[in-house]
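Here the protein sequences come in this chain order: U and V. The first sequence lines up with residues 657 to 957 when you count with my numbering. The second sequence lines up with residues 190 to 567 when you count with my numbering. Even glycine gets a Cβ: it sits at the ideal position worked out from N, Cα and C.
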Amino acid sequence: MPLGPPSSAIYLQNVAPGFTSTPGRTPTSVTVHPVALFSILDHYLRRNDAQDRVIGTLLGTRSENGEVEVRSAFAVLHSETAEQVAVDMEYHRTMYELHHKVNPKEVIVGWYSTGSNLNTYSALIQNFYSQETAPHQAIHLAVNTGIEKGQQAGVKAFVGSPVGVNPKPENCVFVPIPCELRFSDAERSGLDLLTSSPATPGSATFTNPASDLELLERSLQQVSDMLDRVLAYVQSVLSGEVKGDAAVGRYLMDALGPSTEDLERGEFNSHLQDTLMVSYLANLVRSQAEVSSRLALVKAS
Amino acid sequence: MAATSMAAALAASLPAPQAAPTPSAPTYEAIPASMAKVIDIEAEIPITSVQLDAMVVSKIIKHAKEAPGSSAHGLLLGLDLDGTLEVSNSFPLPHHSNDEDDKSVKSVARYQGSMLRSLKEVQADDSVVGFYQGMTLGSFFNQTLVDTQAIHQEKLRHGGIVIVHDISQTARGNASFRAFRLTRAFLDAYKKSNFSTTSLIDHRLTFSTILEEVPLKIRTNALVSSFLGTLSEASVPPAAQTNPALATSSAAIPPSFAGLNLGTANTPRNLELVVEALDNYKTEEGNLAYLQRQIAREKAKADAYVQKRKEENASRVAAGLAPLPEEDVSRLFKIPPEPSRLESLLLLGRIDAYGKSLEETASTGLVKMYAAKGNTGN
């Protein structure tokens, strides 16, 4: 899922003479895992009142074709005043070592900052991180938390490239790269858990983990609603009210048409019996375990 | 806001500095009643529920997915407030295969220390409140869990909370998190390290009373929920109300129906685990029975000896001779101590947990099959 409007700036390639391109592919797209996103937001919530924006390091993996995957993030101490900016390198090193111990596959791929203003300080920090990720280029992720008016919440990814007559560390143009959110099945169900209760904007929401049957009930309800909508549409087309769309009609026929009667009759019953047997067996095992533990409590007279 | 008023109350309760050469006794003020719920220094308010932060949820899921095998475990950080334990952060512990090695224990302690220090510098909570563990198909009853929890009991307020996360159930579509802590009865027995039959009866211990479950909720703070809301809202164009053909869903996180799959991939593995656990239990029970028989034999021998002595003494007294001293039987016959039944208790718990997860898959599978059958119109 793209996290922002697509930009055509990705086609900008710097082929000016005298530009020494770094070895290794320029990153072409960034995928973010939800863990990194939540860590960044949490860090933003915990910042000091004096700090306007917070920065931190991104960890992840790089693939061969230029895709960078951001797996996790941690916060880094930094201070920003009108005259200078300082980043605590020691802290950054220590935290990276610790994270590396748990997950050796993750390497530093870039840095993030909340707030989307890219100024000279960003260029300096980008330069610092590029030294860390050498020979590859560092990714910069600008997370907009949507707190300030007029700015929509979103994530944008950039790669820095030098600009100007004499390349200096402070001058760099940030080229936007497509960035999207990706999660695996397990993370998907975790996200479902988080978004299951309707969120009233501006307040914290509480959800309780539900049992399997409750979740099944919810998705069956959703499917039933969708079927109702489709039914209403088909009926309106049949009665001539609405002109039917050929593509939709064909799609419906493909999805709902083929009858699976023959297949079902043969294997369905045996599968049903298997499921019932497994359920009975599970109950038997559980009651056996319970009886056995109670027997241990009976005093032998 | 709470921090400043807490600090003010704490400052008010500290003794005032004395400049006199003879310092008078410090005067302590009682914590005002309105603040008693917030400042709970002695951990008097018992925990009734656990609250997990959204970030912790995703971190645990990620670590459990990436760890080799099912050995993901780590620490939970947070604070307890008025009966609710709020877990606000967590970090994974590196996987060490050899627990006996002294070096690895020290390195884990070092890792923990530097992680806590670093987190403190960015104003994250740095008090450990428990630990989490990932497991598959319900197999979390094992010795290491009990041991770690018992160790934590001493060091942490309210004893530690274990959060158990089931990876297989999450892969099926239902992110499962459960919070447990050790029951008082089990703690008493564990302190005495006495799990013989009599002690079990006294404490009424079955496998279901080792751990008690604490209700759990998940909290997404306002920022995260608004962020997720912008990402997952389906923007429905107004024309779609009349003509469903035009409705398109452009949500960044579309609703998933992964739970509707007939997921039977785990059933054979689950059944294998049940059979394995039953076998282990049978061997364990066999060992216990053998030891019991040995104890009975020794006891019988000791009793027979005492009996013989008594008869001899009786006959000698009748004959007018001095009675032989009754020797201390325990020095002659070594009666082995009663075996500990903790392992068999844990095995039973594991069998029960496997059975439970089997039941859940079977019940949902049944419902799904009838739903699929309904499609054919029978």
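Residue burial is scored here from C-beta neighbours: serine 719 of chain U has fewer than 16 other C-beta atoms within 10 angstroms and is therefore classed as exposed. Contact check for glutamate 401 of chain V against arginine 367 of chain V fails: the beta carbons are separated by 8 angstroms or more. Nearest to leucine 537 of chain V by C-alpha distance, out of V/Ala466, V/Gln240 and V/Arg458, is V/Ala466.
Of the candidates V/Glu461, V/Ile524 and V/Glu473, V/Ile524 places its Cα closest to the Cα of alanine 485 of chain V.
For lysine 757 of chain U, the residues of chain V that pass the 7 angstroms Cβ criterion are Pro283 and Tyr300, in the order they occur in the chain. Chain-ordered listing is empty here: chain U has no CB closer than 8 angstroms to the CB of threonine 337 of chain V, the nearest sitting near 18 angstroms. Aspartate 541 of chain V places its beta carbon less than 8 angstroms from that of arginine 942 of chain U. Around asparagine 721 of chain U, no beta-carbon contact reaches into chain V at under 8 angstroms, the shortest distance being about 22 angstroms. Within the stretch 543-566 of chain V, contact with chain U at the beta-carbon level (separation under 9 angstroms) is assigned to Tyr543, Gly544, Lys545, Ser546, Leu547, Glu548, Glu549, Thr550, Ala551, Ser552, Thr553, Gly554, Leu555, Val556, Lys557, Met558, Tyr559, Ala560, Ala561, Lys562, Asn564, Thr565 and Gly566.
Put simply, the backbone Cα of tyrosine 752 of chain U is about 39 angstroms away from that of tyrosine 379 of chain V. In the three-state reduction of the DSSP assignment, lysine 523 of chain V falls in the coil class, being assigned neither a helical nor a strand state. At a cut-off of 8 angstroms between beta-carbon atoms, threonine 750 of chain U makes contact with chain V.
DSSP places lysine 812 of chain U in the strand class (E or B) of the three-state scheme. For glutamine 891 of chain U, the enclosing alpha helix (DSSP H) starts and ends at 868-894.
For phenylalanine 814 of chain U, there are no C-beta contacts with chain V under 8 angstroms, since the nearest C-beta of that chain is about 20 angstroms from it. The beta-bridge partner set that DSSP reports for asparagine 800 of chain U consists of U/Gly810.
C-alpha of threonine 550 of chain V to C-alpha of valine 741 of chain U: approximately 56 angstroms in a straight line. Annotation: Cβ neighbours of alanine 938 of chain U in chain V (cutoff 7 angstroms, chain order): Gly544, Leu547, Glu548 and Ala551. Taking a C-beta distance under 8 angstroms as the contact criterion, lysine 812 of chain U and alanine 798 of chain U qualify as a contact pair. Counting other Cβ atoms within 10 Å of its Cβ, methionine 745 of chain U stays below 16 and is therefore classed as exposed.
Residue pairing by DSSP places asparagine 278 of chain V opposite V/Leu266 in a beta bridge. By the criterion of a C-beta distance shorter than 8 angstroms, serine 307 of chain V is surrounded by no residue of its chain, once the five residues flanking it on both sides are discounted.
Proximity of valine 691 of chain U to chain V, defined by a Cβ-Cβ separation below 8 angstroms, is satisfied. Around the beta carbon of leucine 535 of chain V, a 10 Å sphere encloses 16 or more other beta carbons of the protein chains shown; the residue is thus reported as buried. Looking at the backbone, the Cα of lysine 761 of chain U and that of serine 316 of chain V are separated by about 28 angstroms. Taking 8 angstroms as the cut-off, the beta carbon of proline 283 of chain V is found no closer than this to the beta carbon of histidine 252 of chain V. Close partners of isoleucine 399 of chain V in chain U (Cβ separation under 8 angstroms) are lacking, with about 11 angstroms as the shortest Cβ gap. CA-CA distance, alanine 511 of chain V to arginine 505 of chain V, rounds to 7 angstroms.
Cβ neighbours of arginine 838 of chain U within its own chain (closer than 6 angstroms, five residues either side excluded): Thr687.
Within its own chain, the residues whose Cβ lies closer than 7 angstroms to the Cβ of glycine 263 of chain V, once the five positions on either side in sequence are excluded, are His252, Ser279, Phe280, Pro281, Leu282, Phe320 and Tyr321, listed in chain order. Glycine 554 of chain V and arginine 709 of chain U have their alpha carbons spaced roughly 49 angstroms apart. Tyrosine 777 of chain U is outside the set of residues whose beta carbon lies under 8 angstroms from a beta carbon in chain V. Flagged as an interface residue toward chain U: threonine 456 of chain V, by a C-beta distance shorter than 8 angstroms.
Just measuring C-alpha positions, the residue of U/Arg885, U/Glu923 and U/Ser895 sitting nearest leucine 908 of chain U is U/Arg885.
Inclusion of valine 239 of chain V and leucine 274 of chain V in the CB contact set at 8 angstroms is warranted, their separation being smaller than that value.
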